[in-house]
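Colleague:
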Amino acid sequence: MKNLEIAALFNEIADLLEIKGESTFRVNAYRRAARSLENLAEDVEAVADRGELDQIPGIGKSLAEKISEYLRTGKITYHQELLRELPHGITTLMRVPGLGPKTAVLLYERLGITTLDQLERAAREGRLRDLPRMGKKTEENILRGIEQVRRQSTRLPLGAVLPLAQEVVAALRKAKGVGEVSVAGSLRRMRDTIGDVDVLATAKVPEPVMEAFVTHPLVAQVLSRGTTRSSVVLRNGVQADLRVVEPASFGAALQYFTGSKDHNVKLRERAVRMGLKVNEYGVFRVEDDRRVGGRTEEEVYAAVRLPWIPPELREDQGEIEAAERGKLPRLVTREDIRGDLHMHTKWSDGQATAEEMARAARQLGYEYVCITDHSQSLKFAGGVSVEDLREHVREVRRLSERLEGITVLIGSEVDILADGSLDYPDDVLRELDVVIASVHSRFRMDTRAMTDRILRAMRNPYVTMIGHPTGRLLGQRDPYSVDVERLVAGARETGTVLELNAQPDRLDLKDAHVRLAKEHGVQVAIGTDAHSPAELRFMEFGVGTARRGWLEPQDVVNTLPLNKLLSRLRRKRRG
DNA sequence: GCCGTTTTCGGCCCGACTGTTTTCAGTCG
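Taken in order, the first sequence gives residues 426 to 1000; the numbers are from the working numbering.
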């Protein structure tokens, strides 16, 4: 999959063009194309083979040719020419926050700086303050910025950021004179990783809210502080921004700061065509600057004659067109979920008993759960022997009889062995309600072998679903090399469900693949893979990702009532 | 460089904050 490589190249070309002082529209075209490739569910090579590169949003004739060239030769001539033309390494300067193309050029032309080390030395020696529009403070900011770049503060998993954000939001709600408080940005869109936290609040007098924000105990450093906007760095290194607006502008501001950028650009272009202007304060008629809405998000969308669009869809992936035609999906919600089919207990590597897990699930309002401990090969995770599993089946049946208000099913998370066979014999699998087949070993196979391995597991009639189908661990491990399109096709053929694993560092399948599954009529099971009662709450993250994949209740098997779920699961076994 | 229910040419989102400056350029989101 070369999607990300090409996206990175396009981004670098954009940086180089910016340094050259090229038209910002051209620069933005490259950046938009890069984002488009990053979001693409499919392998760009497959799109190229079909000759449909120019169907990708933001990619026209010229960029399609550059992609083809890269796929053919492994490089883009235009990129190489730009690199030759400009001093080597100058784009790395732009990674320092607050340092853009103009400053990078200035630093190079006046001081010959092209590396972070040179920049650091110059700043320490006080040589930057002699440059135009630069002073002592700029030097300090640049030094701090260099440190930040070196720490490689990349995006963090959703689950690592949301709890902190919720804590900050709770504190702001207590501030004097505050009205509404909401997270915005990628956090509200439930992206799998979060670059920074956006918080929005309303208040007639912003001062007390700003004060509560910049003095919050989770704040490690204050980057800037204004009357309507402040930026801080939280303890975990994530940047957080607070904006305070008038109550009358709340909807417009929430819409604006929720993004995504591409969604907002498209929305505002639409507004312009209608003689309107949309900004964070409201929607205005261009001719007389009269305000026509902005108190709520619904008003903003209504002003451009669209229904309200759920934040998870706002990625410019067809949602505006769907809204236009009245074809927005009725997205699945947490309340639609009737049970959790993936969790571990003390029988393998979990922390609680089956009964404790079941009781916790009942508290969440579930109708059923399924206990799915690891299979025998997974020794380091306490894999369950065949004998023990048979005993567990009996125990869970008794437990389910005994517990009121929830049905407890028994299953297993069975390892898919290297050759695609399963870690229990069929006559054992037959006794289970749910079989999740997962890859936990031999990650470094090539795409074909790995895909064939999983497809073979799918053909087993007792395999209900494939667990965390690509094996990624956000920020720790790349997905194993697998052809998701073939997996989706295989799932469709065999009637196998694909899991959307809700562990916040997995979220696997990811949003784009979830949507791919839906488009091919493959059903998804959202499972928490909980190892403790508290982790059952990860369902929130899974539902968020499902919504980003446009899933409706009927696309998710664990929205089914128990009897329908069981007959759905039996369907594959009957063949 | 992309794109089209105004258009195949001429548009392309919009404002806040910083650090420096005496009115604003650069950067960011």
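Beta carbons: idealized from backbone N, C-alpha and C, even for Gly.
Report the rounded CA-to-CA distance for Val909 versus His504, giving the unit in angstroms.
Modeller: C-alpha separation (whole angstroms): 30 angstroms.
Colleague: CA-CA distance, Ser461 and Lys599?
Modeller: In a straight line, the C-alpha of Ser461 is about 40 angstroms away from that of Lys599.
Colleague: Taking the continuous beta strand (DSSP E) assigned at Val622, which residues delimit it?
Modeller: Residues Asp621 to Ala628.
Colleague: Spatial neighbours of Tyr455 within its chain, please: CB distance less than 6 angstroms, with the 5 preceding and 5 following residues excluded, ordered by chain position.
Modeller: So the list reads Phe435, Ile438 and Ala439, once near-sequence residues are dropped.
Colleague: Helix, strand or coil for Val593 per DSSP?
Modeller: DSSP places Val593 in helix when its eight states are reduced to three.
Colleague: CA-CA distance, Gly684 and Ser611?
Modeller: Using only the alpha carbons, I get a separation of about 7 angstroms.
Colleague: For Leu429, does the count of other Cβ atoms within 10 angstroms reach 16, so buried, or fall short, so exposed?
Modeller: Exposed.
Colleague: Are the CB atoms of Arg823 and Ile745 nearer to each other than 9 angstroms?
Modeller: Not a contact, by the Cβ cut-off of 9 angstroms.
Colleague: How would you label Gly751, buried or exposed, when you count the other beta carbons within 10 angstroms and need 16 or more for buried?
Modeller: Exposed: under 16 other Cβ atoms inside 10 Å.
Colleague: Work out the CA separation of Pro735 and Leu847 for me, nearest whole Å.
Modeller: Spanning the two alpha carbons is a distance of roughly 40 angstroms.
Colleague: Per DSSP, Met768 is paired with what?
Modeller: Partner(s): Ala955.
Colleague: Using the beta-carbon count (16 or more within 10 Å), is Ser1053 buried or exposed?
Modeller: The requested residue 1053 is not part of the displayed model; the chain covers only 426 to 1000.
Colleague: Since Thr984 and Pro978 are thought to touch, with beta carbons under 8 angstroms apart, how far apart are those beta carbons, to the nearest angstrom?
Modeller: 4 angstroms between Cβ atoms; contact.
Colleague: Would you mind giving the Cβ-Cβ distance between Leu441 and Leu518, rounded to the nearest angstrom? I have them listed as a contact below 8 angstroms.
Modeller: About 12 angstroms; that fails the 8 angstroms criterion.
Colleague: Please state if the CB of Asp954 and the CB of Met768 are separated by a distance shorter than 9 angstroms.
Modeller: Cβ distance < 9 angstroms, so Met768 and Asp954 count as in contact.
Colleague: Give the single residue among Asp542, Gln664, Thr778 and Phe682 whose Cα lies nearest to the Cα of Ser957.
Modeller: Checked all of Asp542, Gln664, Thr778 and Phe682; the closest Cα to Ser957 is Thr778.
Colleague: Could you spell out the range, first to last residue, of the beta strand (DSSP E) harbouring Val608?
Modeller: Its beta strand (DSSP E) spans residues Val603 to Ala609.
Colleague: With a 10 Å radius around its C-beta and 16 neighbouring C-beta atoms as the bar for buried, classify Thr797 as buried or exposed.
Modeller: That one is buried.
Colleague: Would you call Ala609 buried or exposed, if buried means 16 or more other Cβ atoms sit within 10 Å of its Cβ?
Modeller: By the 10 Å Cβ count, Ala609 comes out buried.
Colleague: Have a look at Val711, Pro929, Gln928 and Ile951 and flag the residue whose alpha-carbon is nearest the alpha-carbon of Val939.
Modeller: If we check each option's Cα against that of Val939, Ile951 comes out closest.
Colleague: Could you give the DSSP three-state label for Ile831: helix, strand or coil?
Modeller: Three-state result, Ile831: coil.
Colleague: Can you give the beta carbon distance from Arg907 to Met883, rounded, assuming they're within the 8 angstroms contact cut?
Modeller: In the sequence as displayed, the identity of residue 907 is Val instead of Arg. No, Val907 and Met883 are not in contact; Cβ-Cβ is about 12 angstroms, not under 8 angstroms.
Colleague: Starting from Val657, follow its DSSP beta bridges and name the residues at the other end.
Modeller: According to DSSP, Val657 bridges with Val647 and Ala665.
Colleague: Could you please give me the residues that DSSP links to Asp798 through a beta bridge?
Modeller: Answer is Ser837.
Colleague: What three-state label does DSSP hand Val697 in the structure shown?
Modeller: Three-state result, Val697: helix.
Colleague: Among Val657, Ser674 and Gln573, which has the Cα closest to the Cα of Asp666?
Modeller: Asp666 has its Cα closest to that of Val657, out of Val657, Ser674 and Gln573.
Colleague: Candidates Leu659, Val639 and Leu589: which alpha carbon is nearest Arg650's?
Modeller: Among Leu659, Val639 and Leu589, the Cα nearest to that of Arg650 is on Val639.
Colleague: Hey, quick one: how far does the beta strand (DSSP E) through Ala862 stretch, first residue to last?
Modeller: Its beta strand (DSSP E) spans residues Val859 to Ser863.
Colleague: With which residues is Ile891 paired in a DSSP beta bridge?
Modeller: Beta-bridge pairing links Ile891 to Ala862 and Leu923.
Colleague: Nearest to Arg855 by CA position, among Met870, Ser837, Glu564 and Gly845, is which residue?
Modeller: Of the listed residues, the one whose Cα sits closest to Arg855 is Ser837.
Colleague: Return the first residue and the last residue of the alpha helix (DSSP H) that Arg972 is part of.
Modeller: Met964 to Arg973 is the extent of the alpha helix (DSSP H) around Arg972.
Colleague: What alpha helix (DSSP H) runs, 4 residues minimum, are completely inside the segment 736-785?
Modeller: Correct list: 744-749.
Colleague: Run the CB neighbour count on Ala590, radius 10 Å, all protein chains shown included, and call it buried at 16 or more, exposed below.
Modeller: Burial call: buried.
Colleague: Of all the options Leu536, Val647 and Thr653, which has the alpha carbon lying nearest to the alpha carbon of Gly662?
Modeller: Considering only alpha carbons, the answer is Val647.
Colleague: Return the Cβ separation of Val644 and Leu625 in integer angstroms, given the expectation that the two are a contact with Cβ distance under 8 angstroms.
Modeller: With a Cβ gap of about 17 angstroms, Val644 and Leu625 do not count as contacting.
Colleague: To the nearest angstrom, report how far apart Arg763 and Glu470 are at their CA atoms.
Modeller: Near 39 angstroms, if we compare the C-alpha coordinates of Glu470 and Arg763.
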